[in-house]
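Participant: Protein chains in written order, with my numbering: chain U, 16 to 676; chain Z, 188 to 333. The beta-carbon is built from N, C-alpha and C at its ideal position, and this holds for glycine as well.
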Amino acid sequence: MKQRILIVDDSLTVRMDLDEAFESAGFANTLCSTLSEARGALSKNSFDLIILDVLLPDGDGTEFLKEIRTSLSISGTPVMLLSSEAEVKDRIRGLNRGADDYVGKPYDQSYVVARARELLRKKEQPDGLAKSKTVLVIDDSPTFREELACVLKSSGYAVITAGTGEDGLRAAVDARPAVIVVDGVLPGIDGSTVIKRIRADAVLRTTPCILLTGSEERTGELRALEAGADAYVRKEEHTQVILARVTAVLRSSGARSAVGSTASLLGPKRILTVDDSLTYLHEVAGTLRDEGYDVIPARSGEEALELLAVQTVDCILLDLVMPGLSGQETCRRIKGTAAWRDIPLIMHTALEEQDAMIEGINAGADDYIAKSSDLEVLRARVRAQLRRKQFEDENRNIREQLLQKELEITVANSARELAETRAVFVEELERKNSELEAFSYSVSHDLRAPLRSIDGFSQLLLEDCGGKLDSKGQDYLRRVCESAQRMSEIIDDLLLLSRVSSAELKRDLVNLESIAGAAFEELKKKEPDRQVELCVAGELLAEADSRLMWVAFDNLLGNAWKFTAKVAGARIELGVEQKSEGRVFFIRDNGAGFDMSYAERLFRPFQRLHTESDFPGTGIGLATVHRIIDRHGGRIWAEGMVGQGATFYFTIPTAKRGGAM
Amino acid sequence: MTRNRVILLVEDNPNDVELTLRAFEKSSLDKEIVVVRDGEQAIHYLFSTGPHAGRDPALMPEVVLLDMKLPKLDGLGVLRRMRADERTKRLPVVMLTSSREENDVASSYDLGANSFVRKPVAFGEFVDAARHLGVYWLTMNEPPPG
């Protein structure tokens, strides 16, 4: 879709002129001669950019600008003020009211279009990133442009077109295309020249260029290479061939990146001329405008400094002898300000004296020129300064790139060191883990064997020689067997605790209700005679390791089961509550409960709040549950009262992506 | 294969040997239990070599009860050698061990064990296990073709 521009100017000539310029640049325009017309247009349509005259028959453009900036719906639309009232104070007023740009009349048509494009680009890409897949097609045949644009667009490229080499270069500066396709034969400058200029520009020089050559040209390839093209295609080839070359060229230039901050030599330039002589100002402004520059005339050093505070310029022409702030002092202040220091500054003076020149240079001027000189010399000097600035920018960019590269290397180095350190830690951790595993293994295997002997031979002793033992002796042997059994259980629980700590955590969305249900069924199987009711309420989904949660519920429900053994109407509740720290799951029983003053000890291994004869257990179960909840990043706590039952609460926060070990 | 009702027990711990023998004794099955004390002995016995050179190699036990942890060649090593040899590759092997390590269980089955039994600490349960094993492998199970 075409971008829409609202042009508000009371001069029919200006309206027609800008309409023509923007239309041929591919914009859709709406023309208004008064503010009331403009208000009407804005209420009906939305616009991408507004070009606004300041002096209008029914009001002041800058006041209208204030209206725009305070209106919610259109306050973000870029506005370019275009006015014959282009003196410094007008510019400052306009820019302070929120204008995005201020261009003086008389204006250069292509300058206005170029500035408009720049404003639109800033709006589209506030982060300043260049479009990566835009193709610029420069060809004088509208049919061919249309056809090629169509083919490129259907392959996902954004396309901008230009009819002449000059327009193409301006469009290249504005849009920073990823690749340029240019016809060899063009009105005005030809395709080879376009490519040569692209190659000479700091910003654009790395842009791949494809030259289209005529069928009659037998030396097409040679010409294309001479001009610095990356590829050439004969024009009579199918547009699909051009598409293939575009893709190929883009692929091979993938590593290239355009330098971001350098202003292009071919881009629109703004020049500030400072002189107390109105006649001289007009003369200089006229000759520079003919060159396509936007010229800001300032009547004094003070005005110049005020303007620089609101609008950047590309070059400054400064009179040495002025009332008020002298040229020398103005120059010193400009060169002493970091933001302006790099702007090329040319002193000009009526005095043909060596002293004056030396003063100027001493104050920090980059060049000086005598007022008596031919205006052609002035133009040449300005061009030279702009070029010099360009080269400096380019060098600075190269330096910055080198610095950036060094920085990247440093970053890469420290990242590598970090990775190495990490690897050492991981290795150490793995070693410790495998040691622990070996330990668990030998505990599991080697401690159990003697227990088996203790139990086995005690049993055999009872069987073989039981008759020779009195009841006391038989009781002792039974105690030996019971102790062996108990130690076997402790070993199993300890192994489980260590396994729970070292097992890999595999989180899935699990339904805790079904896990709890399965664990509960196991308990019922072991003691089918007991009557315990399990009530589940609420949606019990959690991102958790189902195997570990099984162990947790086996323990929690096992406890609830165990401690309700002595109450009538044993009941276990499982549910979830929404609390300040998120979803809190709970398991509540109406069993023996516990003394809250010992609540902290519950989750420590081997801590027991009940006697073995009342409620048997190893004292490791809740430590295991605590470890499991801990590994899920959650929290577990308990509430209870002796004889009033106990409630265990726990949380399972949602896993942090990528962060878990 | 003839049903000779021989069980080969490979176990180094004399207490465990005694308990296993007693447990099987209680099963009142008609069987003969041959005990060897390490993996190397087990191999000698199975292939009638070394101290067992005089044994008739055609007479294979009906089932081998194999401990995981053994001196010299361990249980898994014995199993590997058995499965690699034509004469013993189909012989039923029951891993009989204290361990319940998942790795042990997995590698036993990977190497071709027919069963994996964890020796219970309680002697009563051990007796039950021995009876089940005996009944299963000596009567219910159809031996591999000789």
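Drop a sphere of 10 angstroms on the beta-carbon of U/A638, count the other beta-carbons inside from all chains shown, and report buried for 16 or more, exposed for fewer.
Facilitator: buried
Participant: Chain U partners of Z/R209, CB-CB under 7 Å?
Facilitator: L475
Participant: Among U/A193, U/E82, U/G183 and U/T228, which residue has its Cα nearest to the Cα of U/R212?
Facilitator: U/G183
Participant: Taking all protein chains shown into account, decide if U/D389 is buried (16 or more other Cβ within 10 angstroms of its Cβ) or exposed.
Facilitator: Exposed: under 16 other Cβ atoms inside 10 Å.
Participant: How would you call U/L192, buried or exposed, if buried means at least 16 neighbouring beta carbons within 10 angstroms?
Facilitator: Going by the sequence as given, residue 192 of chain U is Pro instead of Leu. Looking at its Cβ environment, which holds 16 or more other Cβ atoms inside 10 Å, U/P192 is buried.
Participant: Of all the options U/A164, U/F665, U/V209 and U/A173, which has the alpha carbon lying nearest to the alpha carbon of U/R185?
Facilitator: U/V209
Participant: Can you tell me the Cα-Cα spacing of U/A670 and U/G590, whole angstroms?
Facilitator: 21 Å
Participant: From the DSSP output, read off the bridge partner residues of U/Q593.
Facilitator: Paired residue(s): U/R598.
Participant: Among residues of its own chain, excluding the 5 on either side of U/P202, which ones have a beta-carbon nearer than 7 Å to its beta-carbon?
Facilitator: D155 and T179
Participant: Considering only the alpha carbon of each residue, which of U/I331, U/G113 and U/V69 lies closest to U/I83?
Facilitator: U/G113
Participant: Any chance the stretch 510–529 of chain U sits against the stretch 538–556 of chain U, with 3 or more Cβ pairs inside 8 Å?
Facilitator: yes
Participant: If we cut at 7 Å on Cβ distances, does Z/S285 have a partner in chain U?
Facilitator: yes
Participant: Could you name the residues of the stretch 496–529 of chain U whose beta carbon sits closer than 7 Å to any beta carbon of chain Z, in the order they occur along the chain?
Facilitator: Residues A499, Q500 and S503.
Participant: Closer than 6 Å by C-beta to U/Y664: which residues in its own chain qualify, once you throw out the five before and the five after it? Chain order, please.
Facilitator: V599, F601 and W652
Participant: Does any residue of chain Z have a CB that is nearer than 7 Å to the CB of U/R463?
Facilitator: yes
Participant: Residues of chain A with CB under 9 Å from Z/G264, in chain order?
Facilitator: This model lacks chain A altogether, as its protein chains are U and Z.
Participant: Where in the stretch 162–193 of chain U do unbroken runs of the alpha helix (DSSP H), each at least 4 residues long, occur, reported from the N-terminal end onward?
Facilitator: 180–190
Participant: For the pair the stretch 574–582 of chain U and the stretch 612–620 of chain U, tell me if three or more CB-CB distances fall below 8 Å.
Facilitator: Segments in contact, no.
Participant: Run through chain Z and tell me which residues come within less than 8 Å of U/Y456, C-beta to C-beta.
Facilitator: S286 and E288
Participant: Between U/A270 and chain Z, is any beta-carbon pair separated by less than 7 Å?
Facilitator: With a pLDDT of 36 at U/A270, under the threshold of 50, the modelled position of this residue cannot be trusted; read the value that follows with caution. No, no contact with chain Z.
Participant: Between U/A585 and U/N605, which are expected to be in contact by the criterion C-beta below 8 Å, what is the C-beta distance as a whole number of angstroms?
Facilitator: Rounded, the Cβ-Cβ distance is 7 Å, consistent with contact.
Participant: Between the Cα of U/L33 and the Cα atoms of U/D115, U/F79, U/G316 and U/S125, which residue gives the shortest distance?
Facilitator: U/S125
Participant: U/L624 to U/L617, Cα distance in whole Å?
Facilitator: 8 Å
Participant: Could you compute how far the alpha carbon of Z/A245 sits from the alpha carbon of Z/Y232?
Facilitator: Cα-Cα distance, rounded: 12 Å.
Participant: Between U/L511 and U/V458, how many whole angstroms is the CB-CB distance? I'm expecting something under 8 Å.
Facilitator: Not really, about 12 Å apart at Cβ, beyond 8 Å.
Participant: List the endpoints of the continuous beta strand (DSSP E) containing U/I651.
Facilitator: I651 to G655
Participant: Which of helix, strand or coil does DSSP assign to U/F665?
Facilitator: strand
Participant: For U/V547 and U/V566, I'd like the C-alpha separation in whole angstroms.
Facilitator: 20 Å
Participant: Quick check on DSSP: helix, strand or coil for U/N377?
Facilitator: helix
Participant: Strictly under 7 Å for the Cβ-Cβ distance: is U/H641 near chain Z by that measure?
Facilitator: Answer no: the Cβ-Cβ gap between U/H641 and chain Z never drops below 7 Å.
Participant: Excluding the five sequence neighbours on either side, which residues of its own chain have a C-beta within less than 6 Å of the C-beta of U/R160, listed in chain order?
Facilitator: The answer, listed in chain order, is V152, D154 and T176.
Participant: Just the Cα atoms here: how many angstroms apart are U/L451 and U/I413?
Facilitator: 56 Å
Participant: What does a CB cutoff of less than 8 Å around Z/K306 pick up in its chain, not counting 5 residues either side in sequence?
Facilitator: D203, L283, T284, S285, F313 and A316
Participant: Please classify U/I22: does DSSP put it in a helix, a strand, or coil?
Facilitator: strand
Participant: Is U/A319 buried or exposed, if buried means 16 or more other CB atoms sit within 10 Å of its CB?
Facilitator: buried
Participant: Check whether the Cβ of Z/L206 lies closer than 7 Å to any Cβ atom in chain U.
Facilitator: It does; some Cβ of chain U falls within 7 Å.
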